[in-house]
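Participant: What follows is a structure written as C-alpha cells; I'll ask about it next.
Number of protein chains: 2
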Amino acid sequence: MSIRIGIMGYGNLGRGVECAVKQNPDMELVAVFTRRDPSTVSVLTESAKVCNVSELADWKDKIDVMILCGGSATDLPKQTPELAAMFNVVDSFDTHARIPEHFDNVDAAAKASGKIGIISVGWDPGMFSLNRMYANAILPNGKDYTFWGKGVSQGHSDAIRRVEGVKDGKQYTIPVEAALESVRAGENPELTTRQKHIRECFVVLEEGADAAKVEETIKNMPNYFADYDTIVNFISEEELKANHSGIPHGGFVIRSGKTGWNEENTHIIEYSLKLDSNPEFTSSVIVAYARAAYRMANEGQTGCKTVFDIAPAYLSVASGAELRAHLL
Amino acid sequence: MSIRIGIMGYGNLGRGVECAVKQNPDMELVAVFTRRDPSTVSVLTESAKVCNVSELADWKDKIDVMILCGGSATDLPKQTPELAAMFNVVDSFDTHARIPEHFDNVDAAAKASGKIGIISVGWDPGMFSLNRMYANAILPNGKDYTFWGKGVSQGHSDAIRRVEGVKDGKQYTIPVEAALESVRAGENPELTTRQKHIRECFVVLEEGADAAKVEETIKNMPNYFADYDTIVNFISEEELKANHSGIPHGGFVIRSGKTGWNEENTHIIEYSLKLDSNPEFTSSVIVAYARAAYRMANEGQTGCKTVFDIAPAYLSVASGAELRAHLL
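Chains D and H, in that order, give the protein sequences.
If you read the first sequence in the working numbering, its first letter stands for residue 1, the second for the next number, and so on.
If you read the second sequence in the working numbering, its first letter stands for residue 1001, the second for the next number, and so on.
Pasting the structure below:
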C-alpha cells in the first residue's frame, strides 16, 4: 500500500511537494487542504482532492503523513502542533531562534496523540544542519562556515520592492569567492558580514523615479544592505521577467578541522547545493522525511523529531540489504 | 564517566584513533591490543596499557567500545565477529563487495552476545556512502558520481614498487577536472574509467634500471594502470621522502537530479573531502561512531549496524537540546 500524503497549503512549497510525491512510487497524494474556496484551487494530480481546512478532521484516518507548507512566521507555530494532534506531520519551520520552542510544542502535541512530528526539514535548516552536525562530530577541533547563494532572497527582494520609486525587483545573495577559497585552503579566516556575501539587486523603476536616490536608499538600508557590498542594476520590466523569474538558491557548508597528536593535519569537509528551484528542492527533502515519519510511526515511535534524530535509512525506499549492497 | 575505548591493532589507523580519542573529552583510551610482544610497542597515551591479543578476554568488562584497526582482506572478516562476542565493536571494513556477508556475520555474533557492532565506518565506505544515500533519497530522479583524490592509493603504490627496477614509489589518484565540471554543470555525462581519473606516479629507480622500460611496464599494467592516462615521474629518493611521504586523500560525491512536474529543474548536491591524512580522518569518523555504539548499547540495542542505521545525534557529544539550539 502507498504512503498516503496530504498537503496543507498550496503555494510554491505545496506545489513542490506535489511534484516530489510524483517521483516517489511508494507514495500517493490524496488531498490538498487550503484556506481558500477549494473550487478556486486546481492541482496537478488528477486523483487528489482539494479540500477546505475545515474538513481536516474527516481525513484523520485517510492520510498517513500531512505535509505543512505554510510560512514560519505565523502559520507553522500554530498549525504544526494543531495538526500533530490528528496526523503524523512534517514541516519546514525555519526561524532558527524559535526552533527549541516549536520543538517543545510539537513534541507535546505529538506525544499526546501518539503521532510523529518532524520539524525544520529542508536544506537550511535541514541538510545544511545535518552536515554541520556530522562535520562537528567528526572534527571536534575545527571551525564551521556557512555561505548562502548564489540565490534569490525573498526577504531582500521584498525589501527592495518597498523602496519608493521601485516597481519591481529581485535580490541575489552571492558568496564572496575569495572568502570561500580562504576557507577551503584551511586558513580559518575570521570573516565579517561584508567579507562573506555580496548582495546584487535587479531593479525596475517606476516611471520618473530618481535612480540615484533609489540606489542610495537600497544600499543604506539597515539590516538588509548596509553591512554588505551591494550592487544595484536597473533593468526593464521585460528583462526582469525574462531573466530573473526563477527562484534558484544554494550554498556551502564547510568545516575545517585539525587532527593528529600535535594537530598537525588539516581536513576540509565541504557540502554544497546548487538548486534551480529552492522550493522544489526543499520539498524533495521534506518528502523523503515524510517516508521516515510514516515508518517511525508504524514502529510505534511518537513525539517531535528533527533531522538529527532520524537514521538515514528511514528516508530511502530501498531496504537495508539493498542499501548495504549498492550504496555503502 | 568516560567512554572506555580499546584499540585492536596499532598501525596508522590505530594511531589515528588514539589521536582522535584525545580530542573527545568524553572518551578515554584504556588499552591497545597487538599481536606483537607488548614491550616492543609504545603508544602516545601515557595512561593506556599495551596488551597482547591473548589478554583480550580479561578486558571484557573494562572496555565500552573496541575499535578494530586491522585490514579488510584478512583481519576484519575474522576479528570483528570474534570480538563482537565480547565487546561493542566498530570497524572500517572496506571491501564493498563483501559487506553483505560481513554484516551477517557480525550481526549474528553481536545479537548472540547482546552487543552492538558498527561496520564499514570511515569515509568510503562511510561519509561518502551516507551522502550517496541521502542524495538518492532526496533526488530519486538523478545520477550519482564518485571521484577519488587527489590522494595516495596504497594499492597502486604497492603495485609500482613490485615493478623490476623500481626502488620506491608513490601513486596519486587525481580526478579529471573536466569531468568534475561537466557533472557539476548537470550534464549527466557517461564517463569511462579514463575520463574520470588520472594516475600520477613518482618513481625512484634502482641504480642502473632502464627508465623507459619501467615507465612502459607501469603504464601497461592491467587493472592498475592500463585503463588510465598515467603520468610517470622519475625522482630521487630524497625528493620522494621530502615531498611524497604524506598520505593525503579525498574526493567528491555528486548527485545531479531533476525535479518539477515536467522535470524542468536541475539540482546538484556535492560533498567533498580534502584530507591531509587519510588514516587520521578515517579514525576521526570511527571515533564518532564509537560514541554511537556506546549509547545504542546502553539503550539495549544489539546487532550489526552501518552508518545508514544510526541517527546522526548519536555521534555528537552535545545533547539533543544543544544540537537543536545551535546546529539546526
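In this text, a Cβ means the ideal position worked out from N, Cα and C, and glycines have one as well.
(1) State buried or exposed for T1074/H, treating a residue as buried only when at least 16 other CB atoms are found within 10 Å of its CB.
(2) When you compare the CB of I1310/H with every CB in chain D, is at least one pair closer than 7 Å?
(3) Starting from A325/D, find everything on chain B with Cβ-Cβ shorter than 8 Å and list it in chain order.
(4) Is the CB-CB distance between L1328/H and S283/D below 7 Å?
(5) Does DSSP classify M329/D as helix, strand or coil?
(6) What separation, rounded to the nearest whole angstrom, lies between the Cα atoms of G1142/H and E1187/H?
(7) Tell me, to the nearest whole angstrom, how far the beta carbon of A1292/H is from that of L1315/H; I am working on the premise that it is less than 8 Å.
(8) So which of F93/D, Q79/D and S113/D has the shortest CA-CA distance to A85/D?
(9) Which chain H residues sit within Cβ distance under 9 Å of A321/D?
(10) Determine whether the Cβ of K274/D lies closer than 7 Å to any Cβ atom of chain H.
(11) For Y1398/H, which three-state DSSP category applies?
(12) Please work out which residues of its chain come closer than 6 Å, Cβ to Cβ, to F252/D, disregarding the five sequence neighbours upstream and downstream, and give them in chain order.
(13) In terms of residues, what are the limits of the beta strand (DSSP E) holding F1281/H?
(14) Under the three-state reduction of DSSP, which class applies to A1031/H: helix, strand or coil?
(15) Write down every uninterrupted run of the alpha helix (DSSP H) in the region 1150-1202 of chain H whose length is 4 residues or greater and which is fully enclosed by it, in chain order.
(16) Under 8 Å between beta-carbons, which chain H residues line up against V89/D? List them in chain order, please.
(17) Within 10 angstroms of the Cβ of N1220/H, are there 16 or more other Cβ atoms? Answer buried if so, exposed if not.
(18) State the Cα-Cα distance for the pair I1198/H and V1232/H, rounded to the nearest angstrom.
(19) Does the region 197-214 of chain D come close enough to the region 169-181 of chain D to have 3 or more Cβ pairs within less than 8 Å?
(20) Could you check whether D1276/H and T266/D sit closer than 7 Å to each other, using their CB atoms as the reference points?
(21) Just the Cα atoms here: how many angstroms apart are V287/D and R1255/H?
(22) So for S1272/H, helix, strand or coil by DSSP?
(23) Under 7 Å Cβ to Cβ from L323/D, same chain only, skipping five residues before and after it: list those, please.
(24) Could you name the residues of the same chain whose beta carbon sits closer than 7 Å to that of N131/D, not counting the 5 residues immediately before and after it, in chain order?
(25) Tell me which residues share the same chain as V1285/H and place their Cβ nearer than 7 Å to its Cβ, disregarding the 5 neighbours each side in the sequence.
(26) Do you know offhand how far E28/D's Cα is from I67/D's?
(27) Given this structure, state the Cα-to-Cα distance separating D1058/H from E1082/H, to the nearest angstrom.
(28) From what residue to what residue does the beta strand (DSSP E) around L1139/H run?
(29) Where K115/D and M8/D are concerned, what is the direct C-alpha to C-alpha distance, given to the nearest angstrom?
(30) Does any CB atom of chain H fall closer than 7 Å to the CB of V285/D?
(31) K1241/H and F1202/H: beta carbons closer than 7 Å?
(32) My understanding is that F1093/H touches L1056/H, with C-beta atoms under 8 Å, so please give their C-beta distance in whole angstroms.
(33) Please list the partners that C1069/H has in chain D, where partner means a Cβ-to-Cβ separation under 9 Å.
(34) Could you name the residues of chain H that N298/D contacts, counting a contact when the two beta carbons are closer than 8 Å?
(35) Alpha helix (DSSP H) containing C1304/H: first to last residue?
(36) Just the Cα atoms here: how many angstroms apart are N1136/H and E1181/H?
Facilitator: So, from the data block:
(1) exposed
(2) yes
(3) No chain B appears in the structure shown, which is made up of the protein chains D and H.
(4) no
(5) Since the first and last residues shown for chain D are 1 and 328, residue 329/D lies out of range.
(6) 11 Å
(7) 5 Å
(8) S113/D
(9) P1100 and F1103
(10) yes
(11) Examination of residue 1398/H is not possible in this model, given that chain H is present from 1001 through 1328 alone.
(12) F147 and S272
(13) First-last for F1281/H: N1278 to N1298, but that is the alpha helix (DSSP H), not the beta strand (DSSP E).
(14) strand
(15) 1154-1161, 1177-1184 and 1193-1196
(16) By Cβ distance, chain H contributes nothing, its closest Cβ being about 17 Å from V89/D, past 8 Å.
(17) exposed
(18) 11 Å
(19) yes
(20) yes
(21) 18 Å
(22) strand
(23) A313 and S316
(24) V253 and Y271
(25) V1121, G1122, W1123, G1126 and M1127
(26) 13 Å
(27) 15 Å
(28) Careful: L1139/H lies outside any beta strand (DSSP E) and carries neither H nor E.
(29) 17 Å
(30) yes
(31) no
(32) Not a contact, Cβ separation roughly 19 Å.
(33) In chain order: nothing, as chain D lies at least about 15 Å away.
(34) Within 8 Å Cβ-Cβ: nothing; N298/D doesn't reach chain H, min ~17 Å.
(35) Not the alpha helix (DSSP H): C1304/H falls in the beta strand (DSSP E), residues G1303 to K1305.
(36) 20 Å
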